[in-house]
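A.B. asks: Structure incoming, see below.
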Amino acid sequence: MGDGTRNGVSADECLSCAQELVPMALDKAREVKVFPGRWKMIISKLEQVPSRLSDLSSHPFFSKNTLCKEQLQAVSKTLKEAIKLADSCLKEKYEGKLKMQSDLDALSGKLDLNLRDCGLLIKTGVLGEATLSVSLVGPSSSESEIVTQAHLKELLARLHIGHLEAKHKALDSLVEIMEEDEKGVLSVMGRSNIAALVELLTATSPRIREKTVTAICSLAECGSCESWLVSEGVLPPLIRLVESGSTVGKEKAIISLQRLSIPTETARAIVGHGGVRPLIETCRTGGSVTQAAAASTLKNISAVPEVRQVLAEEGIIKVMINLLDCGILLGAKEYAAECLQNLTASNENLRRSVISEGGIRSLLVYLDSPSPQESAVRALRNLVGSVSIEVLKSLGFLPRLVHVLKSGSPGAQQATASAICQVCGTSETKKLVGEAGFIPHLIRMLEAKSSNAREVAAQALSSLVTVSQNCREVKRNDQSVPNLVQLLDPSPQNTAKKYAVSCLSSLSSSKKCKKLMIAYGAIGYLKKLSEMDVPGGKKLLERLERGKIRCLFNRK
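Mapped onto full-length UniProt numbering, the consecutive letters of the sequence shown carry residue numbers 1 to 556.
Here it is as structure tokens:
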């Protein structure tokens, strides 16, 4: 491959043949009197052929490249066709006027393709890239690696030139190789080859579009070509495939969008190109894989605040709630919960829409499944401030959150503690939360590895202990004081110290708790915190020091 002499004909011989045919074709074309407009156009294109042939023949790899020879053979074939049609017109022997007009238009298109492909071979560097050369893959490469990589370069070059069927064959081979050696393909994939693939997404042949989107899906998932794909215009044709592609084409297009939609700019662009509606429709009617991929893509898009209203206007809220209830895969339900979390993060109107569509009930039911619960709890946290505690009670809100706090993942537990902070607005609500059994789990959570988890647990407790019934329960728990004292650590990484001070201040009315605070070193911590102006720190320090002095006098 690549020696320029396959089929017994050299590149130089192909060049000579084409060069001989050009003046013959031009002479014949200039003699024709019928269809003057069309022949004038054809002549102008024939006149450009010699310079393109000259460019090709002067390239250093001209005689070593199979593509170059094939291109010269294609040019010769077109020139022969031009001579034949000119003869027919001169003799006025053709099947009919309309048929000849059609044939001349086809000839003009072939000449355009020949001129374009000759230019591409030179301008894009394809001719050099597809040439078998040790220097292209490095002196340390084995012979098989050299041959394989050269073959890959030739296949990629064939995506740029030739007729559609030839590109289809090259694409078939490329997809097969990608399945076995994706890394090898990526090592030779340049931006111009990405552009050629994107162009094939709009081919008239459904088979070619399907093969192309399969290759693009692999490139999108590999994680190193996303910016090239987007900058070369891959989004609009992918969205069109989601709307009207074959089953395989639609699936691969949605999976590609799923990966590409992670960056904020691309997510915005998908919305701008009209991608929301077909993705939402796929969530309604798609199969298990496409439904999950579409939900994931919409989840990524919903992370962009300024497009959330557009999503809502397209009906995303109802669709995501329906996915929570009836999604085929657990993954689709998880993406739906994440999407609702994003939508309700800062927009009160969207929160009310989710509530009115029954979103709280669906999120709570989802908590009973074995799926990850963090996103659902975070979505609930965003919503609970917009409904009354009576509504939450009727839906079984508190018992479900106790279960998550007891046995959920660390992230879900943190989200639950944060939700409790949102709920605890009135004394009555705080009492209900305490009675539901949250307090022991929050105290245990003060030992969590994550500083954010410790902070929200301490914040929730500092709110709950303002109710005497809850305060008594915290006092009775043997771990509450030791855990809270540990959170007085003045280091910047400890973000829970102000809530720990608040909790300990409420507990300091108990002599037992005060003694425990002193015993666990609270005074030393508080002296450091008093220099940092932590609210309530100085007052609690004074109270503990007075208690320590009384203890000393009592001992004496």
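C-beta: ideal position from N, C-alpha, C; glycine also.
Measure the alpha-carbon distance for GLU455 versus ILE208 and round it to whole angstroms.
C.D. replies: Taking the straight line joining both Cα atoms gives about 56 Å.
A.B. asks: Take the Cβ of PRO139 as the centre, count every other Cβ of all protein chains shown within 10 Å, and call the residue buried at 16 or more, exposed below.
C.D. replies: With a pLDDT of 44 at PRO139, under the threshold of 50, the predicted position of this residue should be treated as unreliable, and no value is reported.
A.B. asks: Just to confirm my understanding: we take GLY233, look at its own chain, exclude 5 residues before and 5 after, and list those with CB closer than 7 Å. What are they?
C.D. replies: VAL198
A.B. asks: Using CA atoms only, rank isn't needed, just tell me which of ASN65, VAL49, LEU152, GLU176 is closest to residue 560.
C.D. replies: Limits of the chain in this structure are 1 at one end and 556 at the other, which puts residue 560 out of reach.
A.B. asks: In the DSSP assignment, find the alpha helix (DSSP H) that holds CYS225 and state where it starts and stops.
C.D. replies: Counting along the chain, CYS225 falls outside any alpha helix (DSSP H), and DSSP gives it neither H nor E.
A.B. asks: I'd like the span of the alpha helix (DSSP H) that includes ALA312, first residue to last.
C.D. replies: 308 to 313
A.B. asks: Within the chosen definition, does the stretch 43 to 60 reach the stretch 86 to 106 through at least 3 CB pairs nearer than 8 Å?
C.D. replies: no
A.B. asks: Using three-state DSSP, classify ILE161 as helix, strand or coil.
C.D. replies: ILE161 falls in the coil class under three-state DSSP.
A.B. asks: Does the Cβ-Cβ distance between ALA29 and LEU79 come in under 7 Å?
C.D. replies: Contact flag unset, no.
A.B. asks: Could you tell me the boundaries of the alpha helix (DSSP H) in which ILE42 lies?
C.D. replies: 36 to 46
A.B. asks: Are the beta-carbon atoms of SER505 and GLY536 separated by less than 7 Å?
C.D. replies: yes
A.B. asks: Excluding the five sequence neighbours on either side, which residues of its own chain have a C-beta within less than 6 Å of the C-beta of MET320, listed in chain order?
C.D. replies: ALA336, CYS339, LEU340
A.B. asks: Where does HIS59 fall in DSSP's three states?
C.D. replies: coil
A.B. asks: Can you confirm whether the stretch 339 to 358 touches the stretch 393 to 400 when touching is taken to mean that 3 or more C-beta pairs between the two stretches lie within less than 8 Å?
C.D. replies: no
A.B. asks: If you run the structure through DSSP and keep just helix, strand and coil, what is PHE397?
C.D. replies: helix
A.B. asks: So, for LEU164: in the same chain, excluding its five sequence neighbours on each side, which residues have a beta-carbon less than 7 Å away from its beta-carbon?
C.D. replies: ALA203, SER205, ILE208
A.B. asks: Helix or strand or just coil, what does DSSP make of ASP368?
C.D. replies: coil
A.B. asks: Figure out for me which residue from CYS326, PRO278, GLY109 has the closest Cα to the Cα of ARG38.
C.D. replies: Taking the Cα of ARG38 as reference, the smallest distance to any Cα among CYS326, PRO278, GLY109 is reached at GLY109.
A.B. asks: Under 7 Å, do ALA412 and VAL387 count as touching if we go by C-beta distance?
C.D. replies: In this structure, VAL387 does not lie closer than 7 Å to ALA412 by Cβ.
A.B. asks: To test your reading of the DSSP string, which unbroken alpha helix (DSSP H) runs of 4 or more residues are found completely within the stretch 374 to 448?
C.D. replies: Complete alpha helix (DSSP H) runs here, min 4: 374 to 384, 389 to 394, 397 to 407, 410 to 423, 427 to 436, 439 to 445.
A.B. asks: On a CA-only basis, which of SER462, LYS84, TYR366, GLN459 is nearest ASP325? Give me that one, please.
C.D. replies: TYR366
A.B. asks: Which whole-angstrom value describes the C-beta separation of GLY315 and ILE280, a residue pair presumed to lie in contact below a C-beta threshold of 8 Å?
C.D. replies: 6 Å
A.B. asks: Which two residues bound the contiguous alpha helix (DSSP H) that contains TYR525?
C.D. replies: 522 to 530 is the extent of the alpha helix (DSSP H) around TYR525.
A.B. asks: What residue does the alpha helix (DSSP H) around SER468 start on, and which one ends it?
C.D. replies: 468 to 476
A.B. asks: Does the beta-carbon distance from GLN479 to ILE443 come in below 7 Å?
C.D. replies: For the 7 Å CB-CB criterion, GLN479 and ILE443 form a contact.
A.B. asks: Span of the alpha helix (DSSP H) holding THR266?
C.D. replies: 264 to 272
A.B. asks: Under three-state DSSP, which class holds ILE208?
C.D. replies: helix
A.B. asks: Work out the CA separation of ILE83 and GLU47 for me, nearest whole Å.
C.D. replies: If I take the Cα positions, the gap works out to 14 Å.
A.B. asks: Within its chain, find whatever has a CB closer than 8 Å to the CB of ILE439; leave out the 5 residues flanking it on each side and keep chain order.
C.D. replies: LEU461, LEU464, ASN470, GLU473, VAL474, ASN477
A.B. asks: Based on Cα-Cα distance, which residue from GLY184, HIS441, LEU120, THR282 lies nearest to HIS59?
C.D. replies: Closest by alpha carbon: LEU120.
A.B. asks: Going by beta carbon distance, what residues of the same chain come within less than 6 Å of TYR525, once the five residues before and after it are set aside?
C.D. replies: Excluding residues within five positions, the ones whose Cβ falls inside 6 Å are LEU488.
A.B. asks: I believe SER76 touches LEU155 by the beta-carbon criterion, under 8 Å. Please report the beta-carbon distance rounded to the nearest angstrom.
C.D. replies: Wrong, their Cβ atoms sit about 24 Å apart, outside the cutoff.
A.B. asks: Is ALA220 closer than 7 Å to LEU260 when the C-beta atoms are compared?
C.D. replies: For LEU260 and ALA220, yes; Cβs fall inside 7 Å.
A.B. asks: What number of angstroms, rounded off, separates the C-alpha of LEU343 from the C-alpha of LEU350?
C.D. replies: Those two C-alpha atoms are separated by around 7 Å.
A.B. asks: From LEU401 to ARG352, what does the alpha carbon distance come to, in whole angstroms?
C.D. replies: 21 Å
A.B. asks: Give me the Cα-Cα distance between VAL34 and LYS97, rounded to the nearest whole angstrom.
C.D. replies: 10 Å
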